[in-house]
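For the sequence shown, the positions run 1 to 112 when full-length UniProt numbering is used. Quick reminder that beta carbons are idealized off the backbone N, C-alpha and C, glycines included. What follows is a set of notes on a single structure, which appears directly below.
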Amino acid sequence: MDEAHGRIEFREIDEHGNALEHHLGAVEVPQRRAAVNPFIIGLWVLELALVIGIMVIINEAMAPLTPTPGNTMPFPFILMNMTPQLLQATALILATLLFWHAWQWQKRKAQK
């Protein structure tokens, strides 16, 4: 008997007639993903620190801008000069985190 014709093969098909493939090899165990991403947690902590920092700056800005003896540049003035950059960094990090969370949500929804 010819080797090509002597073998019997079985194929399983679905209700539409499409062949279903079954692999008889080792069963793949799904990799367990980390529950949380440490980089995202770090970004949330940084965002929280920036928001608290901005709140401190605003609170200090409410104090009168009087220099202390021996100090020509008051601390609130220095903080107010840093506020635009801190606000921009805070908004950028927050937007990045929100887009990342939306992307992860969409990815999880597509897998279901």
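Minimum C-alpha distance to Val56 - residue among Ile40, Ile93 and Met82 | Stepping through the sequence shown from its first residue, residue 56 is reached at position 56. When only C-alpha atoms are compared, the closest one is Met82.
Can you tell me which of the three DSSP states Ile13 falls into?
-> Looking up residue 13 in the sequence shown gives position 13. Note: Ile13 maps to strand in three-state DSSP.
Just checking my contact of Thr90 with Val51 at CB under 8 Å: how many whole Å lie between their CB atoms?
-> Translated into the one-based positions of the sequence shown, residue 90 becomes position 90. Translated into the one-based positions of the sequence shown, residue 51 becomes position 51. Indeed they touch by this definition, with Cβ atoms about 6 Å apart.
For Leu46 versus Ile93, is the C-beta spacing smaller than 8 Å?
-> Position 46 of the sequence shown, counted from the first residue, corresponds to residue 46. Position 93 of the sequence shown, counted from the first residue, corresponds to residue 93. Yes, these two residues count as a Cβ contact at 8 Å.
How many angstroms separate the CA atom of Trp100 from the CA atom of Glu12?
-> To locate residue 100, count along the sequence shown from 1; it is residue 100. To locate residue 12, count along the sequence shown from 1; it is residue 12. Between the alpha carbons of Trp100 and Glu12 lies a distance of about 41 Å.
How close, in whole Å, do the beta carbons of Ile54 and Leu87 come, if the pair is a contact with beta carbons under 8 Å?
-> Locating residue 54 in the sequence shown gives position 54, counting from the first residue. Locating residue 87 in the sequence shown gives position 87, counting from the first residue. Right, the Cβ-Cβ distance comes to about 6 Å (below 8 Å), so this counts as a contact.
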